[in-house]
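**Q**
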Amino acid sequence: MKAYLDNAATTLVCPEALKVINEHSKVNYGNPSSLHSWGRIAKKSLELSRISVSSLIGAESNDLIFTSSGTESDNLAIKGLAAHYKGGHIITSKIEHPAVIEPCKYLEKNGFDVSYIPVDEYGIININKLENAIRGDTFLISVMHANNEIGTIQPIKKIGQIAKKNDILFHTDAVQTAGKIPLDVNDNNIDLLSISSHKLHGPKGVGALFIRKGVKLSPLMHGGGHEHKLRPSTENVAGIVGFSKAFEIATKNMEKNISHMSKLRDKLIKEIQKIDQAYLTGHPTNRLPNNASFYFKGIEGESMILMLDDKNIGASTGSACSSKKLQASHVLLAIGVKQEDAHGSLRLTLSRYSTQEEVDYVLNVLPNVIAELRTISPLWN
Ligand code: PLP
1 MKAYLDNAAT TLVCPEALKV INEHSKVNYG NPSSLHSWGR IAKKSLELSR ISVSSLIGAE
61 SNDLIFTSSG TESDNLAIKG LAAHYKGGHI ITSKIEHPAV IEPCKYLEKN GFDVSYIPVD
121 EYGIININKL ENAIRGDTFL ISVMHANNEI GTIQPIKKIG QIAKKNDILF HTDAVQTAGK
181 IPLDVNDNNI DLLSISSHKL HGPKGVGALF IRKGVKLSPL MHGGGHEHKL RPSTENVAGI
241 VGFSKAFEIA TKNMEKNISH MSKLRDKLIK EIQKIDQAYL TGHPTNRLPN NASFYFKGIE
301 GESMILMLDD KNIGASTGSA CSSKKLQASH VLLAIGVKQE DAHGSLRLTL SRYSTQEEVD
361 YVLNVLPNVI AELRTISPLW N
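Residue 219 in this note's numbering sits at position 219 of the sequence shown, with consecutive numbering throughout.
The following block contains the structure:
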């Protein structure tokens, strides 16, 4: 038996996407900038994909560009916008993905101020603190739609309203939500929105950035005039059509997928909390339908992942061994989990392809893995 429950890390490419990727790699492989028929066919596929992806988030096709990843979209939104300001202030949250935190840190070294707004024990941003942080020179609020580690969904509608009222641009990293829960740029007053293909059953190395009409960005790279002069380099047409197809399929069956994944998620949450000193992380209900995340007292995360892997279970932990020092997840620390407990975190993330059998298998194996690790843990008595 095998169980892949690491779909927040990446997903299986769906067969519908594979089909169009194949077609655009083998037959319609032209360069969309070329004038001949190969080029025109590729250009048409590219523009149809742009129409499709933008319509799935309620946007105009002119307001969307394709990038190489969620990371690039986040960087372009933040640094590309900051390039139009000589210093100034950005507001973000303490639990953003590094693709947002690192560009913010980079800007801090280059004359900008950044406020990292705290979250509550469930990972929900403190709206009062966000409002109070606004200054005369605040030009951007960047808050993720849902967190990749604990699955908590942020009140982006409220944040969008605050941003609009104060004449500040609003960026959201929707990498973990696109194709999983409803998403509309107009309903939420979003000015910039990042998506990644490989989290929604599309191929890796493709992303998109929605840029509301009138918002001025500078490119991060310099070269040709592709993607509204914002992202030079020949477009990855095969990847983009695959992304577009995957997003279309995910959105078409969204209701059904939400119901399927939530049922499995709720079973994981209910059963895993029965393990001695196992704690749910993230909001009990206001969370992604595919995310079940926990920490266990007296457990070292990486050993747990390796033992699960030994049983053919793919999962992840927020704990990472870097430069010989165990680093606890900044997200878990921000929700108030103690440093030593944060090392025992486990993230199980489902997809629409996840099965009841996979979940039952994990529920069967996990208590034994925890028990075994605790027999050798210096943190467990
Ligand atoms: N933002 C969030 C919330 C993510 O979870 C990830 C990937 O884990 C990214 C950004 C980066 O996306 P990509 O892998 O496409 O660069």
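We put the beta carbon where it would ideally sit given N, CA and C, even for glycine.
Within 10 angstroms of the Cβ of Q176, are there 16 or more other Cβ atoms? Answer buried if so, exposed if not.
**A** When all chains shown are included, Q176 counts as buried.
**Q** Which runs of the beta strand (DSSP E) spanning at least 3 residues fall entirely within the region 102–186, listed in chain order?
**A** Runs found: 112–117, 138–142 and 169–173.
**Q** Which residues bound the alpha helix (DSSP H) around H24?
**A** Where H24 is concerned, the enclosing alpha helix (DSSP H) stretches over P15 to K26.
**Q** In chain order, which continuous runs of the alpha helix (DSSP H) of length 4 or greater are located wholly inside the region 31–94?
**A** Taking only runs of at least 4 residues, the alpha helix (DSSP H) segments lying wholly in the region 31–94 are 37–56 and 70–82.
**Q** Span of the beta strand (DSSP E) holding Y295?
**A** Counting along the chain, the beta strand (DSSP E) containing Y295 begins and ends at N291 to F296.
**Q** Would you mind working out which of R135, D120, H97 and A99 sits nearest I91, comparing C-alpha positions?
**A** Closest by alpha carbon: R135.
**Q** Between which two residues does the beta strand (DSSP E) containing R374 stretch?
**A** Counting along the chain, R374 falls outside any beta strand (DSSP E), though it belongs to the alpha helix (DSSP H) covering Q356 to T375.
**Q** Could you tell me which of E340, L366, R347 and S354 sits nearest to W380, measuring between CA atoms?
**A** The residue with the shortest Cα to Cα distance from W380 is E340.
**Q** Relative to the alpha-carbon of I65, which residue among D276, S194, Q356 and Y361 has its alpha-carbon at the smallest distance?
**A** Selected option, being the one with the closest Cα: S194.
**Q** Does the region 83–103 come close enough to the region 129–146 that 3 or more CB-CB pairs lie under 8 angstroms?
**A** As far as the Cβ criterion goes, the region 129–146 touches the region 83–103, which means the pair count is three or higher.
**Q** Per the DSSP calculation, T285 is bridged to which residue(s)?
**A** Answer is none; T285 lacks a bridge partner.
**Q** Checking 8 angstroms against the spacing of the C-beta atoms, do S316 and A9 come in under that value?
**A** Closer than 8 angstroms, so yes.
**Q** Looking at the structure shown, is L348 part of a helix, part of a strand, or coil, going by DSSP?
**A** It is a strand residue.
**Q** Using DSSP's beta-bridge definition, name the partner residues of Y4.
**A** According to DSSP, Y4 bridges with G314.
**Q** So, under 8 angstroms CB-CB, G282 and G151 are touching, yes? Tell me the CB distance rounded to an integer number of Å.
**A** Contact holds; Cβ gap of about 5 angstroms.
**Q** Using a Cβ-based criterion (distance less than 7 angstroms to any ligand heavy atom), does N132 qualify as near the ligand PLP?
**A** Answer for N132: no, Cβ out of range of the ligand PLP.
**Q** Is it buried or exposed for M261, if we count other Cβ within 10 angstroms and need 16 for buried?
**A** Burial call: buried.
**Q** Identify, in the order they occur along the chain, each residue of the same chain with its Cβ nearer than 8 angstroms to the Cβ of K164, setting aside the five sequence neighbours on each side.
**A** Answer for K164: F170 and N189, listed in chain order.
**Q** Ordered along the chain, which non-local residues of its own chain (more than five positions away) have a Cβ less than 7 angstroms from that of I305?
**A** Closer than 7 angstroms at Cβ, skipping near neighbours: A315, S316 and T317.
**Q** Please classify A278: does DSSP put it in a helix, a strand, or coil?
**A** In the structure shown, A278 sits in a strand (DSSP, three-state: E or B).
**Q** Would the beta-carbon of H198 be found less than 7 angstroms away from any heavy atom of the ligand PLP?
**A** Because some heavy atom of the ligand PLP lies under 7 angstroms away, the Cβ of H198 counts as near it: yes.
**Q** Consult DSSP for S218 and reduce its assignment to one of helix, strand or coil.
**A** Coil.
**Q** Would you list the residues sitting across from I211 in a DSSP beta bridge?
**A** Beta-bridge pairing links I211 to L192.
**Q** Any heavy atom of the ligand PLP closer than 7 angstroms to the Cβ of M261?
**A** Every heavy atom of the ligand PLP is 7 angstroms or more from the Cβ of M261, so no.
**Q** Check E273 in the structure and name its three-state DSSP category.
**A** The sequence shown places Gln at residue 273, rather than the Glu named in the question. Coil.
**Q** Where do the ends of the alpha helix (DSSP H) carrying E340 lie?
**A** First-last of the alpha helix (DSSP H) with E340: Q339 to A342.
**Q** Would you say the beta carbon of Q176 is closer than 7 angstroms to some non-hydrogen atom of the ligand PLP?
**A** Under cutoff, so the answer is yes.
**Q** Take the Cβ of Q356 as the centre, count every other Cβ of all protein chains shown within 10 Å, and call the residue buried at 16 or more, exposed below.
**A** Classification for Q356: exposed.
**Q** What three-state label does DSSP hand N253 in the structure shown?
**A** Here N253 sits in coil by DSSP.
**Q** May I have the straight-line CA-CA distance separating L46 from L76, to the nearest angstrom?
**A** If you take the alpha carbons of L46 and L76, they lie about 20 angstroms apart.
**Q** DSSP on A99, reduced to helix/strand/coil?
**A** DSSP places A99 in helix when its eight states are reduced to three.
**Q** Take the Cβ of P378 as the centre, count every other Cβ of all protein chains shown within 10 Å, and call the residue buried at 16 or more, exposed below.
**A** Flag for P378 reads exposed.
**Q** Tell me the rounded alpha-carbon separation between I127 and G80.
**A** In a straight line, the C-alpha of I127 is about 26 angstroms away from that of G80.
**Q** Got a sec? Which residues, its chain only, sit under 7 angstroms from G214 by beta carbon, not counting five neighbours each side?
**A** Counting only Cβ-Cβ distances below 7 angstroms, and skipping sequence neighbours, we find nothing.
**Q** Compare the C-alpha of S73 against each of D309, G242, L217 and A292 and name the closest.
**A** With distances taken between Cα atoms, S73 lies closest to L217.
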